[in-house]
């Protein structure tokens, strides 16, 4: 038996003998919730789409940031610390070392997100130039914004 709350917050009880069956629309098809639930259960884990930026070696990142030391530290955000570095390619970059999450997402999920961000190209966005994933360590390298952080610009500090 299902209980339904109406707009006036009174409980109505349903005595429908078919209440535990999946809901069907007028065409006799399953509702979207049931269809999506069944699809999700049958979906295989797919490899992430290609990432359009290079994977950066952890050794190079450690060397360029003095092992993520305080001399290279330029900021701290809600997801990790940001370091300044100049890569072997000569690019000035902001290296974002992400904090280890209490509920770690899978590498496949993370790399899928990196893939999407690697394809974002717009004059108002800093470009992702590289990434590093080793164990639980996740690092993103963005082009260095010479005018300061977004926070500084928004709050008149730059």
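Residue numbers (the UniProt record's numbering): 1 to 158. Glycine is no exception: its CB is placed at the ideal position from the N, C-alpha and C atoms.
Between the alpha carbons of residue 87 and residue 122 lies a distance of about 22 Å. Residue 116 and residue 70 have their alpha carbons spaced roughly 31 Å apart.
Less than 8 Å separates the beta-carbon of residue 118 from that of residue 128.
Excluding five sequence positions before and after residue 98, the CB atoms of its chain that fall closer than 6 Å to its own CB belong to 79, 80, 138, given in chain order. By the 16-neighbour rule on beta-carbons within 10 angstroms, residue 108 is exposed. Residue 94 and residue 152 have their C-alpha atoms spaced approximately 15 Å apart. Rounded to the nearest whole angstrom, the CA to CA distance from residue 60 to residue 147 is 25 Å. As computed with DSSP, residue 65 is found in no beta bridge at all. Between residue 114 and residue 145, the CB-CB gap reaches or exceeds 8 Å. Linking residue 76 to residue 141 through their CA atoms gives a straight-line distance of about 15 Å.
Shown here, residue 95 sits in a strand according to DSSP, grouped into three states. Taking all protein chains in view, the Cβ of residue 55 is surrounded by fewer than 16 other Cβ atoms within 10 Å, so the residue is classified as exposed.
For residue 153, no beta strand (DSSP E) encloses it; the enclosing alpha helix (DSSP H) starts and ends at 150 to 154. The Cβ atoms of residue 72 and residue 83 lie closer than 8 Å to each other.
Annotation for residue 109: the continuous alpha helix (DSSP H) segment containing it runs 107 to 118.
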